[in-house]
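Numbering of the sequence shown is given in our numbering, commencing with residue 321 and proceeding in unit increments.
Glycine residues also receive a C-beta, built at the ideal position from the N, C-alpha and C atoms.
It should be emphasised that the depicted structure is a prediction, and the values quoted were computed from it without experimental measurement.
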Amino acid sequence: MSPQFIDTHIHLADDRFFPYLEQIVNAANAIDMILVANSEDFVSSTKNLEIAKSYPKNVKAFVGIHPSESLKENVEDVVLLLAKNRGLVAGIGEIGLDRKYTDNEEDYRVEKEIFTDMLGFAERLNKPVSVHSRGSVDDVLEELCNHSVDNVALHWFSGDLNQMKRASDKGYYVSFGPAAVYSKKIRKVAMETPADLLLVETDGPVPYGACFGGRMGWPLYLPSIIYALAYERKVGYHELSEQILQNSMKFIGDS
Ligand SMILES: [Zn+2]
Numbered sequence: 321m322s323p324q325f326i327d328t329h330i331h332l333a334d335d336r337f338f339p340y341l342e343q344i345v346n347a348a349n350a351i352d353m354i355l356v357a358n359s360e361d362f363v364s365s366t367k368n369l370e371i372a373k374s375y376p377k378n379v380k381a382f383v384g385i386h387p388s389e390s391l392k393e394n395v396e397d398v399v400l401l402l403a404k405n406r407g408l409v410a411g412i413g414e415i416g417l418d419r420k421y422t423d424n425e426e427d428y429r430v431e432k433e434i435f436t437d438m439l440g441f442a443e444r445l446n447k448p449v450s451v452h453s454r455g456s457v458d459d460v461l462e463e464l465c466n467h468s469v470d471n472v473a474l475h476w477f478s479g480d481l482n483q484m485k486r487a488s489d490k491g492y493y494v495s496f497g498p499a500a501v502y503s504k505k506i507r508k509v510a511m512e513t514p515a516d517l518l519l520v521e522t523d524g525p526v527p528y529g530a531c532f533g534g535r536m537g538w539p540l541y542l543p544s545i546i547y548a549l550a551y552e553r554k555v556g557y558h559e560l561s562e563q564i565l566q567n568s569m570k571f572i573g574d575s
C-alpha cells in the first residue's frame, strides 16, 4: 500500500480503544493510513506487536517504556521482547522524560536510566524513536546528544520556539496533534518548524477539548490537524499533506 496518511503516534493497545480496534484499523485502511502504535510497558508492547501481526498493512508497532511506567517496569522483560521480535518491532517508543511522574531526584534518575537504555537499543537495532518530552525538552535533548539515533520524533511537542529550533537543528522530527487545531501557542511553534521535519499524530485515545468536545483522539482527526497547519503556514493542504507523508515515511524508515 502506498499510504496517504501516517498517524505517527497512537496507543492502539489502550483499553479505551480495544472495543473499537477493528473499526479503527478498517477506517485507517479505507483512507490508506498507517498507524504507528506506541507502547508504555511490557503488556502494551506485547499487545501492539500482536496487533501489528494481525494488521500488517496498517499497523507498525513501537515497543518501549513510557516515563510514567519507568518505576514499575522490569526493563529485562522489554529487552527480551525486543530481542525476540526484532523483525516485527518498527521502532522504540514511547520513551522519554517527565518530572510529572516523579517527586524526587532519585526517581527522575531511574527515568533517565531507562530512557538511556531504550535509546541504546534504538541505536543498536537502528530503529526510530518516539520521544515524550513534556516539560523536559532540555533534558531530552541532552540525553539524545549522547546517542546516535537517526530518526527521532519529539511527539506532541509542547516546547517553546527556541527548543523547537534546537531540536530541528539536530534534525529531529517535531510532531503535532489535535491540540494544534485549537491552540494558537502550539500552531505558532508548528508554523516555524522546518517543513521537512513536521509530523502529525493523534496520541489517541488521549481525549481533546475545545472543538473535539472531549472525545478520544481518533486517527480520522489527522486531516484536520494537517489542514490547521497548512492554513497557519499559508500553504496548500495537499502540498503540506504530501510533505508530511514523505517525512513520516522517512521517520519510520519506509522510504
Ligand atoms: Zn503517547
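Distance cut-off 7 Å: residue i Cβ against heavy atoms of ligand 1
i      : result
Asp418 : no
Glu370 : no
Asp361 : no
Ala393 : Looking at the sequence itself, residue 393 is Glu, so the reference to Ala does not match. Not so, every heavy atom of ligand 1 lies at least 7 Å from the Cβ.
Glu414 : yes
Asp335 : no
Asp327 : no
Asn466 : no
His558 : no
Asp523 : yes
Asn358 : yes
Residues sharing a beta bridge with residue i, DSSP
i      : result
Arg553 : In DSSP, Arg553 forms no bridge with anything.
Leu519 : Ser495
Ile326 : Ile354
Arg535 : Tyr528
Rounded Cβ spacing between residue i and residue j (contact assumed at less than 8 Å)
i      : j      : result
Asn358 : His329 : 5 Å
Ile283 : Ile385 : Outside the shown range of the chain, which is 321 to 575, sits residue 283, and nothing can be said about it.
Pro498 : Asp334 : Contact flag wrong, Cβ pair sits at about 16 Å.
His452 : Asp480 : So it is not a contact: roughly 17 Å between Cβ atoms.
Secondary structure, beta strand (DSSP E): runs of 3+ residues fully inside the segment 396–452:
Uninterrupted beta strand (DSSP E) stretches at least 3 residues long and entirely within the segment 396–452 occur at 409–416, 449–452, given in chain order.
Please specify which runs of the beta strand (DSSP E), each continuous and at least 3 residues long, are wholly inside the segment 453–504, giving them in chain order.
Within the segment 453–504, the complete beta strand (DSSP E) runs of at least 3 residues are 472–475, 493–496.
What residue ranges within the segment 332–384 form continuous beta strand (DSSP E) runs of no fewer than 3 residues, ordered along the chain?
Restricted to the segment 332–384, the beta strand (DSSP E) segments that are unbroken, complete and at least 3 residues in length are 353–357, 379–383, listed in chain order.
Are at least three pairs of beta-carbons, each pair with one atom in the segment 472–490 and one in the segment 383–392, less than 8 Å apart?
Touching, no, given that fewer than three Cβ pairs across the two stretches are closer than 8 Å.
Spell out a yes or no on whether the segment 558–574 and the segment 370–379 are touching, meaning 3 or more CB-CB pairs, one atom from each, closer than 8 Å.
The segment 558–574 is not in contact with the segment 370–379.
Check whether the segment 533–553 touches the segment 425–443, taking contact to mean three or more Cβ pairs, one atom from each stretch, closer than 8 Å.
No: the two stretches stay apart, fewer than three of their Cβ pairs being nearer than 8 Å.
At least 3 beta-carbon pairs within less than 8 Å: the segment 345–354 vs the segment 441–448
No: the two stretches stay apart, fewer than three of their Cβ pairs being nearer than 8 Å.
So, do the segment 509–516 and the segment 445–462 have three or more beta carbon pairs nearer to each other than 8 Å?
No, the segment 509–516 does not touch the segment 445–462.
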